[in-house]
Amino acid sequence: MPVTKPSAQRGDIGTPAGLNVRMQNLMPEPPATLLPADEAAAAALAAAADPTSVAAAYPTYSAAWAALAQLALTAGQPVPAYAFARTGYHRGLDQLRRAGWKGHGPVPWSHEPNQGFLRCLHALSVAAAEIGEADEAARCAQFLRDCDPSAFDALND
27 MPVTKPSAQR
37 GDIGTPAGLN
47 VRMQNLMPEP
57 PATLLPADEA
67 AAAALAAAAD
77 PTSVAAAYPT
87 YSAAWAALAQ
97 LALTAGQPVP
107 AYAFARTGYH
117 RGLDQLRRAG
127 WKGHGPVPWS
137 HEPNQGFLRC
147 LHALSVAAAE
157 IGEADEAARC
167 AQFLRDCDPS
177 AFDALND
């Protein structure tokens, strides 16, 4: 019987001495979900001094809700920020599902149309923390990391 040595690395199994073998995940990972661009809403938001009119004209556009949430957070108004972020988050979830997302899998920060949803998720975490909803804040922060760790890093700089 060959001598095996235990390994402290996650995913390693006992192997014959001298071999370094890692278990491979054979389950397919879900594909990245890429939301469709909304050029008219993006242009309206870029041109607007106040995102309120953009959210009213394009209520499914998460980036407008994220902008409203960020303005409210900056103004020290966590309750309106929470409401704006939650609205944009739910609108984004609807779009993700329509795009084929099954409740898990990557939502890349690098794809600009995904950023509105990811910004809403971040703002929801921050606003939840500010109103004392620690569990919600932690859940949203973890969801953001699960969607794309680079989004978490970019939004927490």
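Numbering (my numbering), first residue to last: 27 to 183.
Glycine is no exception: its CB is placed at the ideal position from the N, C-alpha and C atoms.
Which first and last residues belong to the alpha helix (DSSP H) in which S136 is found? Neither: S136 is in no alpha helix (DSSP H) and is coded neither H nor E.
In angstroms with no decimal places, state the Cα-to-Cα distance between D64 and Y87. 8 Å
When the distance is taken between beta carbons, is A153 closer than 8 Å to Y108? yes
I'd like the span of the alpha helix (DSSP H) that includes T86, first residue to last. Here T86 belongs to no alpha helix (DSSP H), and DSSP marks it neither H nor E.
Among A89, R112, L94, which one has its Cα closest to the Cα of A135? Here the sequence assigns Trp to residue 135, which means Ala is not the residue at that position. Among A89, R112, L94, the Cα nearest to that of W135 belongs to A89.
Could you pull out every residue in the same chain whose Cβ sits closer than 8 Å to the Cβ of F178, ignoring the five residues on either side in sequence? H148, A167, L170, R171
Segment contact, 8 Å Cβ cut-off, at least three pairs: the segment 110-119 with the segment 90-102: yes
Ignore the nearest five residues each way along the sequence and tell me which others in E162's own chain have a CB closer than 6 Å to its CB. A154
With distance defined between alpha-carbon atoms, name the residue in P132, P57, T78 nearest to S176. P132
Among A81, E55, L52, which one has its Cα closest to the Cα of A66? A81
With DSSP collapsed to three states, give me the class of H148. helix
Let me know if G126 comes out buried or exposed under the rule of 16 or more other beta-carbons within 10 Å of its beta-carbon. exposed
Just to confirm before moving on: does the CB-CB distance between L61 and F143 stay below 8 Å? yes
Looking at the structure shown, is T59 part of a helix, part of a strand, or coil, going by DSSP? coil
C-beta contact flag for K128 and P56 at 8 Å: yes
CB-CB length for L71 against Y115, believed under 8 Å: Their Cβ separation, rounded to whole angstroms, is 17 Å, which puts L71 and Y115 out of contact at 8 Å.
Mind reading off the beta-carbon distance from A95 to C146? Whole number of angstroms is fine, and I expect it under 8 Å. 7 Å
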